[in-house]
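Residue numbers (this note's numbering): 373 to 580.
Where a beta carbon is used, it is the ideal one built from N, C-alpha and C, also for glycine.
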Amino acid sequence: MRPIAPKTRTALVVGIVVAVLACVAAVLLTPPDEKLGAMVRFVMFHGASTWVNMATFTLAGGFGIAFLLGKGGAGRWGEALRWVSLPLWTINSILGLLSMQLIWGGILWTEPRLAMTFGVLAGALAIFAVQMLADAPKVTAALDAVLAAALWALVLILPNLFHPDSPVFQSGNWAFIGGFLGMVASIAVVAFLTTTLIARRAVSTEAD
């Protein structure tokens, strides 16, 4: 992989800014809900960001497996995704707690998905600690794969006691569906471009 060129770096940064603005537009253009009012925008943004975050964890696990199978370049991308996934999951965990507090008037500690959220956060923090304290890329790559598998196992197994499944799509309202998909797409672009900047920056540093 060649070091990132200055023009390419600028283009990536501009792309991130445009995607952020597109996300803001998608949020603001989402109409208020009959029950939640304008708060529905906050809830939908949290959901969209969580979708993208799950994808970044999954990709990190995939690149981890590729690295273990001998694809050396995959290690940089796995590490870059790690730098994106952990901060984003931390933000999403906070947003989830705020959503519960604002919508239901308190934190629903008995919600299984909430326990999953903190479990994944703890796992991501542990992997990040291993990365920072030990030069063991194969270990962190393997842990990325384990975390991704655990995340999806928990998603498929754990029930939602309070949170309905796919409320946006079940609504049948394309104003909500379109806004949600716009948020997902724009956040995904931000995550992808940020990951690219981090991965290619690492290569540039090594080359220097």
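Within 8 Å, strictly: CB atoms of residue i and residue j
i, j, result
"P509", "F439", "yes"
"P484", "P539", "no"
"S471", "N425", "no"
"A432", "R448", "no"
"I475", "L408", "yes"
"L384", "T568", "yes"
"I559", "A452", "no"
"G387", "L565", "yes"
"W461", "L505", "no"
Rounded straight-line distance, which links the Cα of residue j to that of residue i
i, j, result
"Q542", "A557", "20 Å"
"P403", "V392", "19 Å"
"M416", "L467", "11 Å"
"A377", "A398", "31 Å"
"A513", "L523", "15 Å"
"A422", "L526", "The amino acid occupying residue 422 in the given sequence is Thr; Ala does not appear at that position. Going by the C-alpha atoms only, they are around 14 Å apart."
"F367", "V562", "Beyond the ends of the chain as shown, which are 373 and 580, falls residue 367; an answer cannot be given."
Expected contact under 8 Å - CB spacing of residue i and residue j to nearest Å
i, j, result
"L469", "G495", "About 18 Å separates the two Cβ atoms, so there is no contact after all."
Sheet register partners of residue i (DSSP bridge)
i, result
"D405", "G409"
Check: residue i C-beta below 7 Å from any heavy atom of the ligand COA
i, result
"V390", "The ligand COA is absent from the structure shown, which contains no ligands of any kind."
Taking only runs that begin and end inside the region 474-555, name each unbroken alpha helix (DSSP H) of 4 or more residues, in chain order.
-> Fully enclosed alpha helix (DSSP H) runs of 4 or longer: 484-505, 509-529, 539-543.
Of all the beta strand (DSSP E) runs that stay within the bounds of the region 388-457, which reach a length of 3 or more residues?
-> Annotation: the region 388-457 contains no complete segment of the beta strand (DSSP E) (minimum length 3 residues).
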